[in-house]
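Protein chains in written order, with my numbering: chain A, 1 to 166; chain B, 1001 to 1168; chain C, 2001 to 2427; chain D, 3001 to 3106; chain E, 4001 to 4505.
Below is one structure, written out as structure tokens, with a few remarks after it.
This is the structure we're talking about:
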């Protein structure tokens, strides 16, 4: 019941000679080679800096951003849920009293170390205030110094959503 | 030209040989011997034994010493496996002193052979593969066959010797 | 010693250098582009000098430059510094020397003098190759041993055992060829292959000695440490094998040495089995006799081929943005193609109109043969690359089984059979 | 300047042979002893080739070839013996290979 | 003894106890807001409902006396429904601003909601808005929206401190906690209301927003603020790329010493762990390498030998004092424990004592003199005085001492540039040790926070000088401290876990 008998290969002379199998393999690779040599436009490779990717979906997890309230101030209340959820401990927050009367608490420091981030999306998932999102669509980040990979509060707030702010 | 080549090659051969018997590390010693073997191959070429020159490189350098190096590596011979020889140079000196008169004897014996001018000029096709083959398969067929049997025996013998004992 | 002799020797050495050393970057490029195309990728295609990228060939030179300028790092644990440095040199030099005996063209006759078109004019060509291909094992063993690293040592033991094992079969396969061709001189062997079998098949080694050809090609793969026999390295078990500890140009020498060895192997395979510098059905003498027809054929065929190639370039060398510097490349390439056409056709036309001396014919034939050899060499190298990107690596025991239990008996049987046929036919 | 004459080859052979003997007797490392033996064989080979050239007779080279063949088979047997012995004794010292020696005597 | 059955399991309870006490003592989880063991029942929150067989409706466990043969259910469909409804009631006007609430993570409301709540809100009218973040004084912040009106804080000021600062004002769902107009919460124990508050209504101004509580790791320790030696939880955390920081002290229940509370002074004394630390070793006023200074100290002790006086602080642990005694006996040096850190105003009749050091009793037990007269006698022919655990150089200067002075302490101090040698030691919360409090209770402080500072542990320092490798408290006990007369009946193992009273002659 439910037993599937898998046929065993390698007993016949043709199998044990190996050469037919080798040649059929080489035929396959040759056909690919010939097809691609004849017309390189068949190849799916995108020439990246010239051709930007078009298939970034709204669920793509890019570099983080911090969202704004309606009045343009920071939405984050420094609840540390993202830092708690982060598996790579790459979010560094310091909370402070918020003086402008909009809320009670906000982050005085909100750093994300992109070199440590694993882009799991746990922070965006954990955020109770919808303050951190990964919908910027930024998939490539470059810097010349390690320090430049640490995004601070202002940089995170400046990041825009890939398809406009929802 | 040939003189200079001979000088260089013999120098290499001697240095290699001296290095081989004096160096303490087995690996270095073997490497030093490779130099000797290659230099000797060059000397064969100078002596217009071109086939032997190739055979020397293929068999001696390419197979025998390579196998030796391989075994040294394979057995992982370390410093604590090799014996300590505190007074090897003394022994060498003693043996050299003993050997010196014998060498002199040999040298004088050879020196009495008739002198040939321009020893290193080439006789046509001497040592060529055709000539060698003809001599080998006409006059030396029986020894050749005997040696092939010897090789076979050595092959089987070495396999029997080196295999691991099956434990029951 | 006259000027022509010196010129020919120099040309020979330059050709040998070109075919071996110059081949390395080109082969790296071929390797990577072919791998890309086989796997439906593009491969390296963007390294360029002012827009010129020659299909990515510039990448190889960039890589070379990188290897030269990299820090030559040496681990502290490496005690045998001299041996460590010597090992890649041995690999490189032995691969390079084994190349020196390949004949690029038939013996060139200029006036009364005859020149052997080899880097090293030596009679024992095949044996020379075997000798120096065998010496490369020293580089492998010493490199692995002096690295003072378990991975390196294991890799070098594996590679060394493989090279020693396969050398036996290779030599024996060669012996059956020697019996067939009746000579050990590579030029003689090639000239034997310019004959026709039954009047219409070129008597190439692969036709008369198919088994020896298969065995020799397989063992050549093993000697050059190419896939499927590249067990010297193994990313999962022994990392980089014997060159794990090497960096910068020391690694570069290993790397280049591997390609030179591959190139040398293919050159020997071409020489032994694919008619060497001979065009099929067109031996040296036939070429010389019908040289006018050949010139006419070239005048017709060259523009046609150039047209096809130019169209291919125009079709495939396109970059998305209009003002891309790299788009100019096609234009220039096509101009160069046209220039080549004009020059070649012009020279040949001159010859056709003015008539041609015997020496010029000989030289022209030699050039055609060199070109033939180069194309065959490239194709054979392509086969090496093609096989590498098709077949997976052997397991170590399978490899030894194949070497000792299949290839060795087969090659011995082949010698036996060949000897029987040769003696029976009384050739 | 030493002329590349017959005698220079002969003296090189004698020197190499003597070095072989010195190494053979003075060293205790089994590998070096083996290589000393090979060195002596090589010296003899060189002498054979020299003499073959001297007499214009190819037979010397043929004997040299035979010596090489014998050296090859010797190498195979020797190395397999070494592998077996080394597994047993874990030493490359010939003084350790004394299984046949009667205990308590010199 | 009464036998009651809880959820099918029999437990033995005291006869006249309330049900909730016995249930909590037996590890049965009973949600409650208003009940607190030290404050007693109030019965206003209705959270502690249990079903009792024979009673029609569920009863509150905090106001039900235990009777023999009671059969109780704390789980089940019915009781869960009741609890859910009560929670819904509590949460009607709660702002649910857990992200900015400091109590999140140790909030009863959160926990109970996760246990039994988990309903969707049925509210479609706006919530009652009340005033948020009101400074009550004494480091306490009030958030009236979050308050569930359990009145624990009110009862604390009424019953425990008897200062009557807090009360509930206004009726029904507009009622809130307040101080009387124009007054502030001000008593030396006021911050205990923060611990008492089951929700985030009362939070510490000092701790607010500094760290989320789920990151904190509690360790058990003894307060070194006064000779009461209250039991503490030390909440500390080591953040990535930062040093280990102590964020707060919380009272740890200890029925012999401090009950459920500690004074504000002790609670805020955590700051000295983080601030004003001595960071470098100094030799003759120059910054010196730490290792070198240790070697120098060793050489100094060897040079002055019997001309040394160890002036120990009563803040040192019993083990450290004992080891210094052993060292002084070996060197033939003198040892004194004179210290005048008293503050008569500090003492009250609840917990605070006038002696502001935790271990002065140990000198008496170890027969070390700690009076000024004997110190005067001892210091006369000495060339080197080593102050350990203290930096009051003026004490010996006042006695006219003019030889070399060394200090080993963890606090930064002014005169460090004038002394011969200054070596930083680990602080109170970074080393283990026993302390004997004013009532002869011996307690073990096991808090050992590993700070990234160059500082020496006195026990390991002494072990290198005495060269016997006894670096832990247990080693010291085994090496002779445990055999001393006053500790004869006491095992180190039991001290580690219990508070034990030393029998005095």
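Note that CB positions come from ideal geometry on N, CA and C, so glycine has one too.
The model shown is predicted, which means the values in this text are computed figures rather than measured ones.
- Considering only beta carbons, the part of the stretch 113 to 135 of chain A lying closer than 8 Å to chain E consists of 128 and 129, in chain order.
- Residue 3029 of chain D counts as buried, since at least 16 other C-beta atoms from the protein chains shown sit within 10 angstroms of its C-beta.
- In the displayed model, residue 4481 of chain E falls within a helix according to three-state DSSP.
- The continuous stretches of beta strand (DSSP E) do not include residue 2123 of chain C, and DSSP gives it neither H nor E.
- Taking the beta carbon of residue 11 of chain A as reference, no residue of chain C falls within 9 Å; the closest one sits roughly 17 Å away.
- Ranked by how close their Cα comes to the Cα of residue 4325 of chain E, the residues E:4348, E:4463, E:4436 and E:4043 have E:4463 in first place.
- Secondary structure in the stretch 2122 to 2196 of chain C: the alpha helix (DSSP H) runs of 4 residues or longer, each lying completely within the stretch, are 2125 to 2146, 2150 to 2181 and 2186 to 2193 in chain order.
- Interface annotation, residue 2038 of chain C: in contact with chain A, CB-CB separation under 8 Å.
- If you look at residue 4265 of chain E, you'll find it in the alpha helix (DSSP H) that goes 4264 to 4268.
- In this structure the stretch 4427 to 4444 of chain E lies against the stretch 4357 to 4366 of chain E, because at least three pairs of beta carbons, one per stretch, are closer than 8 Å.
- DSSP, reduced to helix, strand and coil, places residue 4005 of chain E within a strand of the structure shown.
- Among the residues facing chain A, residue 2145 of chain C is not included, as its CB has no counterpart in that chain under 8 Å away.
- Under the three-state reduction of DSSP output, residue 4236 of chain E falls in the strand class.
- Here residue 4319 of chain E has 4433, 4434, 4459, 4473, 4476 and 4481 as same chain residues with Cβ atoms under 7 Å from its own Cβ, once five neighbours each way along the sequence are excluded.
- Judged by beta-carbon spacing, residue 2238 of chain C lies within the 8 Å limit of residue 2154 of chain C, meaning their Cβ atoms are closer than that value.
- The DSSP assignment places no complete beta strand (DSSP E) segment of no fewer than 3 residues inside the stretch 119 to 150 of chain A.
- About 18 Å separates the beta carbon of residue 4091 of chain E from that of residue 4152 of chain E, a gap too long to meet the 8 Å contact definition.
- With contacts defined as CB atoms closer than 8 Å, residue 84 of chain A and residue 126 of chain A qualify as a contacting pair.
- Residue 4087 of chain E: member of the alpha helix (DSSP H) spanning 4077 to 4090, first to last residue.
- Secondary structure at residue 3049 of chain D: helix, using DSSP grouped into helix, strand and coil.
- DSSP places residue 4415 of chain E in no beta strand (DSSP E); its state is neither H nor E.
- Apart from the 5 residues on each side of it in sequence, residue 4082 of chain E sits with its Cβ closer than 7 Å to the Cβ of 4049 and 4058 in its chain, given in chain order.
- Residue range 4286 to 4288 is occupied by the beta strand (DSSP E) that includes residue 4286 of chain E.
- Interface residue (Cβ-Cβ distance to chain A less than 8 Å): residue 2305 of chain C is not classified as such.
- The C-beta distance from residue 1048 of chain B to residue 3053 of chain D rounds to 7 Å, short enough to fall under 8 Å.
- In the structure shown, residue 4310 of chain E adopts extended strand secondary structure according to DSSP, grouped into three states.
- Apart from sequence neighbours up to five positions away, the residues of its chain that approach residue 4188 of chain E with a beta-carbon distance below 6 Å are 4263 and 4264, ordered along the chain.
- Residue 3035 of chain D has a beta carbon lying within less than 8 Å of a beta carbon in chain B.
- In the three-state reduction of the DSSP assignment, residue 95 of chain A falls in the strand class, which pools E and B.
- Taking 8 Å as the cut-off, the Cβ atoms of residue 2287 of chain C and residue 2368 of chain C count as close.
- Bounds of any alpha helix (DSSP H) do not take in residue 2114 of chain C; it lies within the beta strand (DSSP E) bounded by 2113 to 2115.
- In terms of Cα proximity to residue 1075 of chain B, the closest of D:3068, D:3078, D:3083 and D:3020 is D:3083.
- Where residue 4247 of chain E is concerned, the enclosing beta strand (DSSP E) starts and stops at 4244 to 4251.
- DSSP, reduced to helix, strand and coil, places residue 4104 of chain E outside both helices and strands of the structure shown, so it counts as coil.
- Each of E:4085, E:4076 and E:4102 was checked against the Cα of residue 81 of chain A, and the nearest Cα belongs to E:4102.
- Residue environment: residue 4493 of chain E is assigned as exposed (fewer than 16 neighbouring CB atoms within 10 Å of its CB, all protein chains considered).
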